[in-house]
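Here the structure is laid out as structure tokens; the discussion comes afterwards.
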Amino acid sequence: MTVSIYNTKSGKKEPFSPLEKGHIKLYVCGITAYDYCHIGHARSTLVFDMIVRYLRYRGFQVTYVRNFTDIDDKIIKRAQEQHTTTEELANRFITAFHEDMANLGNEPPTLEPKATENIPEIIAMIQGLIDKGFAYEVQGDVYFKVDRFDHYGSLSGRNLEDMMAGARISINEQKQNPMDFALWKSSKPGEPVWDSPWGPGRPGWHIECSAMSRKFLGETFDIHGGGKDLIFPHHENEIAQSEASSGKPFVATWIHHGFVTIKDEKMSKSLGNFLTIREILAKYTAEVLRFFVFSTHYRTPLDFSETAMKDAETGLDRLYTCLAEIARLPGQGDPNRAPAAGKKNVSKINTLVDRYVKAMDNDFNTAQAMGHIFEVVKVLNTIRQSLPATPAAADLALLHATATTIKELSGIMGLLQQDPLAYIKAKQEKTLSQLDIDQTAIASLITERKTAREQKNWSRADEIRDILLHHKIEIKDEADGSTSWQVKI
RNA sequence: GGCGGCGUAGCCAAGUGGCUAAGGCAGUGGUCUGCAAAACCAUUAUUCAGCGGUUCAAAUCCGCUCGCCGCCUCCA
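Residue numbers (the numbering used here): 682 to 1170.
Rendered as structure tokens:
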């Protein structure tokens, strides 16, 4: 079995194999550091975190590069508004980004290069493009000459004529063709500058990714990723620059994920309808967000809503509850007792890993993979529920082993990595701390109810039960006559 | 205008030619209980926006219609 990946370049799912045996080189376009990141950025980092973890699970070595754009028009503008330097502004939001990543539980990429730390490579690449006739300098600006590059538009499926027909291209007298794009921009007074053969200036937006990916991954590498909105013009332009420069294919596989939407509209800074990662994590745990993100295939739009997050939380609780119930079971059982687990159920358990891998091999279908896990959770619950007082050793071994497998498979999505008993306990304690009732009051009500029940005063007993329930306290009458309680979560 | 995508149960969401259309949430019924709660189990689409076509066979392929979204400008 091999991993298949949908390649934007071909528009098809293709069997994947790395150019260098066993070693995958992956470049993902990171953030422009001028503001806090929103859930759309979170989806991007979560998706590639999952992809990297899965490819490693499948035995590949993965070199994962994710850059920072720390110099560009938006950063300059924002820095001026805040009366600070672009460097200070970018570093502030890079620090915030790293905090967000840690809070989301993302593993760090292999390398996180910054544009400003690779200016010599950028300048060298631009000079090479000028030397080859793919770029030209006009009054300190350097532009890429799109009609010199034959395959321009191949990634996004456009051609220059169609694009020219669009009326949204800004007129720039300096450009030989309106579609030409800037490789280097001369600086205005007060802007950050680097010396270059074309005078003081700064890099254009697209060139940094071409220069940095070449520096760290080579002229041709395996996978380049980002959001769908980067297909044009960003990735199209990267291809043009890199292939014109090297004369070799740039990237084998292009992965683009879908957007996060709110009320079915794209979440974006320009629309102002975005929620930051910080705002979300103040309300929900990172794990709930991960569950929500991975319950939909990565190329499908993901519509954010409070209801969807609540559903995700309930679903996650179901998984943890199953694991917690198994963790409460004894480790050793009766070796002489016949197992309660039926043949069909055992078969569902035994095929879990294969079905999970098949789903994930199919373009990282996390939604389907999670479906398989839920199916097995149901099987585990069924077996657990049917267990006698002294369970068969085989049943206990199966339950414990499967719980371990589920944790391992879920870990690829960053799910179920907490101790299940601690998860349930922490959740209840958190809820209890927000309630208007304390443990003493609960204990006293339960004692009063116990008396009422002994006197068969059911109406008073039920009344107390309802009072407690009103305060989100659920009670459970045990077989031995005692009453336990827990917080409703 | 050009290019691309989507439309599956109350909601979310898998499914890329062929076994009973995964799974989650919500709802309903049941096990348990004095009654409950929790947990668990069962159940919920003769049908996949609509119409036509290809095929022995289509949610899956092709065409048209309707509706929604994205890119073509900074954007994950």
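Ideal Cβ placement from N, Cα and C applies to all residues, glycine included.
DSSP bridge partner residues for residue i (one or two, in chain order)
i: P873; result: Looking at the DSSP assignment, P873 forms no beta bridge with any residue, so it has no partner.
i: K694; result: Y687
i: D945; result: According to DSSP, which records beta bridges pairwise, D945 is partnered with nothing at all.
i: E701; result: H704
i: D984; result: T942
i: R747; result: V709
i: T957; result: H719
i: R883; result: K866
i: V817; result: According to the sequence shown, residue 817 is Tyr rather than Val. DSSP lists Y824 as partners of Y817.
i: F975; result: Answer is none; F975 lacks a bridge partner.
i: S894; result: Per DSSP, none; premise fails for S894.
Span separating the alpha-carbon of residue i from that of residue j
i: I946; j: N954; result: The residue asked about is misnamed: residue 946 is Glu in this sequence, not Ile. Going from the Cα of E946 to the Cα of N954 covers about 9 Å.
i: Q857; j: K826; result: 8 Å
i: D730; j: R980; result: 15 Å
i: W865; j: K1111; result: 53 Å
i: F1045; j: F973; result: 15 Å
i: T765; j: N1062; result: 58 Å
i: E818; j: Q855; result: 9 Å
i: H832; j: K1059; result: 52 Å
i: E793; j: I1093; result: 22 Å
i: T977; j: Y735; result: 16 Å
i: F778; j: Q1098; result: 23 Å
i: A1133; j: V1057; result: 42 Å
i: E842; j: D828; result: 11 Å
i: F897; j: Y745; result: 10 Å
i: A1122; j: K991; result: 30 Å
i: E968; j: D861; result: 44 Å
i: G939; j: N1017; result: 54 Å
i: R1141; j: K944; result: 47 Å
i: A993; j: I1064; result: 25 Å
i: H937; j: L1068; result: 47 Å
i: P873; j: V823; result: 17 Å
i: Q1109; j: Q1115; result: 10 Å
i: K964; j: G882; result: 43 Å
i: I1148; j: K1169; result: 13 Å
i: S1091; j: R773; result: 33 Å
i: A816; j: D910; result: 25 Å
Contact set for residue i: own chain, Cβ-Cβ below 6 Å, skip 5 residues either direction
i: W1139; result: none
i: E987; result: none
i: I1127; result: T1164
i: A1050; result: Y1037, A1040 and M1041
i: T683; result: P696
i: G809; result: S926
i: E900; result: S927 and K929
i: A1078; result: none
i: I775; result: A714 and F749
i: K795; result: F749 and D751
i: T791; result: T744 and Y745
7 Å Cβ cutoff met for residue i and residue j
i: I958; j: L707; result: no
i: Q1167; j: E1155; result: yes
i: L1096; j: R971; result: yes
i: G885; j: A921; result: no
i: W935; j: K690; result: yes
i: R1130; j: I1145; result: yes
i: A925; j: F830; result: yes
i: P1020; j: D984; result: no
i: L962; j: N784; result: yes
i: G703; j: Q742; result: yes
i: R747; j: V941; result: no
i: G721; j: M948; result: yes
Residues near residue i in its chain [Cβ-Cβ closer than 8 Å; skip 5 each side]
i: A848; result: Low per-residue confidence applies at A848: pLDDT is 48, beneath 50, and the placement is therefore not dependable enough to give any value.
i: M845; result: P859 and M860
i: L727; result: L785, N787, L970, R971, V974, F975 and G1095
i: M782; result: T726 and P789
i: E802; result: A892, M893, R895 and K896
Own chain residues within Cβ distance below 7 Å of residue i, not counting five before or after
i: G814; result: R829
i: G880; result: G821 and S867
i: A1022; result: I1064, D1076 and L1079
i: H887; result: F862, H915, N918, E919 and Q922
i: N688; result: E695, T934 and W935
i: L1113; result: V1168
Any non-hydrogen atom of the ligand NAD within 6 Å of residue i CB
i: Q742; result: This structure simply doesn't include the ligand NAD, nor any ligand for that matter.
Q: Take every Cβ of the region 1057-1074, pair it with every Cβ of the region 1005-1023, and state whether three or more of those distances are shorter than 8 Å.
A: yes
Q | Validate contact between the region 712-726 and the region 749-758 using beta carbons, cut 8 Å, 3 pairs | A | Judged by Cβ distances under 8 Å, the region 712-726 makes contact with the region 749-758, as three or more pairs qualify.
Q: Count the CB pairs spanning the region 1100-1108 and the region 1036-1056 that are closer than 8 Å, and state whether there are at least three.
A: No, the region 1100-1108 does not touch the region 1036-1056.
Q: Could you tell me whether the region 697-704 touches the region 893-912, where touching means 3 or more Cβ pairs closer than 8 Å?
A: yes
Q: Count the CB pairs spanning the region 913-923 and the region 757-774 that are closer than 8 Å, and state whether there are at least three.
A: no
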